[in-house]
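S.K.: One point on numbering: in the working numbering, the residue at position 265 of the sequence shown is 475, and numbering is uninterrupted. Cβ coordinates follow ideal geometry from the N, Cα and C atoms, glycine included. Quantities reported herein were computed from a predicted structural model and do not represent experimental measurements.
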Amino acid sequence: MPRLIANVRPNPQPMRKLPNHLAEWLALGYSKKMASAEFLAPPPAEFIRVYHFTSSQHGQAAVRLKRLKVARFGDANDPFELLALNRHDRAIRHLAAQLRDDYNDKKGLLCFTRNWASPLLWSHYGDRHKGVCLGFDVRRSLVSEIDYADKPLRRRLPDDPETSAIDDGLLDLLARTKSHHWKYEEELRLFIELASAVTVSPLFFRPFDEELMLREVILGHRCDLDLQTVRTGVGETVPNAVAFKARLAFRSFEVRLNGKTRPDVSNGSA
Numbered sequence: 211m212p213r214l215i216a217n218v219r220p221n222p223q224p225m226r227k228l229p230n231h232l233a234e235w236l237a238l239g240y241s242k243k244m245a246s247a248e249f250l251a252p253p254p255a256e257f258i259r260v261y262h263f264t265s266s267q268h269g270q271a272a273v274r275l276k277r278l279k280v281a282r283f284g285d286a287n288d289p290f291e292l293l294a295l296n297r298h299d300r301a302i303r304h305l306a307a308q309l310r311d312d313y314n315d316k317k318g319l320l321c322f323t324r325n326w327a328s329p330l331l332w333s334h335y336g337d338r339h340k341g342v343c344l345g346f347d348v349r350r351s352l353v354s355e356i357d358y359a360d361k362p363l364r365r366r367l368p369d370d371p372e373t374s375a376i377d378d379g380l381l382d383l384l385a386r387t388k389s390h391h392w393k394y395e396e397e398l399r400l401f402i403e404l405a406s407a408v409t410v411s412p413l414f415f416r417p418f419d420e421e422l423m424l425r426e427v428i429l430g431h432r433c434d435l436d437l438q439t440v441r442t443g444v445g446e447t448v449p450n451a452v453a454f455k456a457r458l459a460f461r462s463f464e465v466r467l468n469g470k471t472r473p474d475v476s477n478g479s480a
């Protein structure tokens, strides 16, 4: 008896061609929604492309001076920074507050995310889409991923806890643990010893170097900076970076490249 062959309905939609470099990004573990994969090649495997949102004013200053402002835990928008311990006991509450203050006096952080396609991040950190997003290649070994927790952490502490008795492993865990409410940020952090930072009192800065390399300058879709002027400035200070403008996607609730501003990467930039 002849074997029946199921009817196969032809797909009316033509197969979409993968963006130019998406396969390369996917091979390195990036999301298939990586917005820059449409037109830029990924960094070498020992680096990771990360993004920092800011206002247009601060973004211009960062590019011109080739440095990023170091954030302080005490000024963060999450009041639970460094307070991820379950503080059910008064002694633990006292210890947690002391740990937070001591750590804040010694270390700061640079905050990044994995992609620039989120309209929420543009709204919350990119001056409501009027700001800019800076894309960096950062050495992977320096970057810490955030652990998003449903509940505060329970840890066994010394009977008479003092900050000096707390091991560095717990401090590191507290510095990269946040509530699950922040998970949408997909945050990555670069911790900075304040003693080694550039100081412009009372602020601290981390200069661009071979471990923090600017690669992309993205203007929000409401940003009123002149793109050509930005490109000229970027070319003078960070010639390996590209500048372009974002737009709202037509078929999704995401942010995408404004095709009219697609950068020319034929010279190997980014």
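Since Phe401 and Ser354 should fall inside the 8 Å C-beta cutoff, what is the C-beta to C-beta distance between them, to a whole number of angstroms?
M.R.: So it is a contact: roughly 7 Å between Cβ atoms.
S.K.: Taking the continuous alpha helix (DSSP H) assigned at Thr442, which residues delimit it?
M.R.: Leu437 to Thr447 is the extent of the alpha helix (DSSP H) around Thr442.
S.K.: Rounded to whole angstroms, what is the Cα-Cα separation between Lys470 and Ala281?
M.R.: Looking at the two C-alpha atoms, the distance is approximately 34 Å.
S.K.: Thinking just about the alpha-carbon of each residue, which of Leu467, Glu420 and Ser333 is nearest to the one in Phe346?
M.R.: Among Leu467, Glu420 and Ser333, the Cα nearest to that of Phe346 is on Glu420.
S.K.: Helix, strand or coil: how does DSSP classify Pro212 here?
M.R.: Reliability of the predicted coordinates at Pro212 is poor, the pLDDT of 37 falling under 50, and the value obtained from them is presented with this limitation in mind. It is coil, neither helix nor strand.
S.K.: Note down the Cα distance separating Asn230 from Asp337, rounded to an integer number of angstroms.
M.R.: Approximately 30 Å, taken between the alpha carbons.
S.K.: What does Glu403 pair with, by DSSP beta-bridge criteria?
M.R.: Lys317, per the DSSP bridge assignment.
S.K.: DSSP state of Ala281, grouped into three classes?
M.R.: Ala281: strand per DSSP, three-state reduction.
S.K.: Rounded to the nearest angstrom, what separates Ser389 and Pro362 at their Cα positions?
M.R.: Each residue's alpha carbon lies about 8 Å from the other.
S.K.: Would the beta-carbon of Gly284 fall within 7 Å of that of Asn325?
M.R.: Their beta carbons are not under 7 Å apart, which means Gly284 does not touch Asn325 by this criterion.
S.K.: Which one or two residues does DSSP pair with Asp357 in a beta bridge?
M.R.: Thr387, per the DSSP bridge assignment.
S.K.: Would you mind stating whether Glu397 and Ile428 have Cβ atoms separated by less than 7 Å?
M.R.: No, the pair does not count as a contact, with Cβ atoms beyond the cut-off.
S.K.: Identify the residues that DSSP records as bridge partners of Leu458: which are they?
M.R.: Leu458 pairs with Val465.
S.K.: With burial defined as no fewer than 16 other Cβ atoms inside 10 Å of the residue's Cβ, what is the status of Lys455: buried or exposed?
M.R.: By the 10 Å Cβ count, Lys455 comes out buried.
S.K.: Taking the C-alpha atoms as reference points, what is the distance between Ala459 and Glu446?
M.R.: About 31 Å.
S.K.: Assign Leu467 to one of two classes, buried (16 or more other C-beta atoms within 10 Å of its C-beta) or exposed (fewer than that).
M.R.: That one is buried.
S.K.: Going along the chain, which residues of its own chain have a beta-carbon closer than 7 Å to the beta-carbon of Glu256, five neighbours each way excluded?
M.R.: Arg349 and Arg350.
S.K.: Can you name the start and end residues of the beta strand (DSSP E) that Pro329 belongs to?
M.R.: Where Pro329 is concerned, there is no enclosing beta strand (DSSP E), although the alpha helix (DSSP H) it sits in stretches over Pro329 to Tyr335.
S.K.: Looking at C-beta atoms only, is the number of pairs between the region 399-419 and the region 315-334 that lie closer than 8 Å three or more?
M.R.: Touching, per the Cβ criterion.
S.K.: Looking only at its chain, what residues have a beta carbon closer than 7 Å to the beta carbon of Leu380, apart from the 5 residues adjacent to it on each side?
M.R.: Cβ within range, chain order: Arg365.
S.K.: Quick one: what's got a C-beta closer than 7 Å to Ala451's C-beta in the same chain, skipping five residues either side?
M.R.: Only Leu424, Arg425, Glu426, Val427, Val444, Ser479 and Ala480 meet the Cβ criterion.
S.K.: Using 10 angstroms around the beta-carbon of Arg259, count the other beta-carbons present and answer buried if the total reaches 16, otherwise exposed.
M.R.: Arg259 should be labelled buried.
S.K.: Three-state secondary structure (DSSP) at Tyr261?
M.R.: Correct three-state label for Tyr261: strand.
S.K.: Sorry if obvious, but does the Cβ on Pro362 come closer than 6 Å to a heavy atom of the ligand ADP?
M.R.: In terms of ligand content, the structure shown is empty, and the ligand ADP therefore cannot be addressed.
S.K.: Using a Cβ cut-off of 7 Å (strictly closer), state whether Leu278 contacts chain C.
M.R.: The structure shown contains no chain C, having only a single protein chain.
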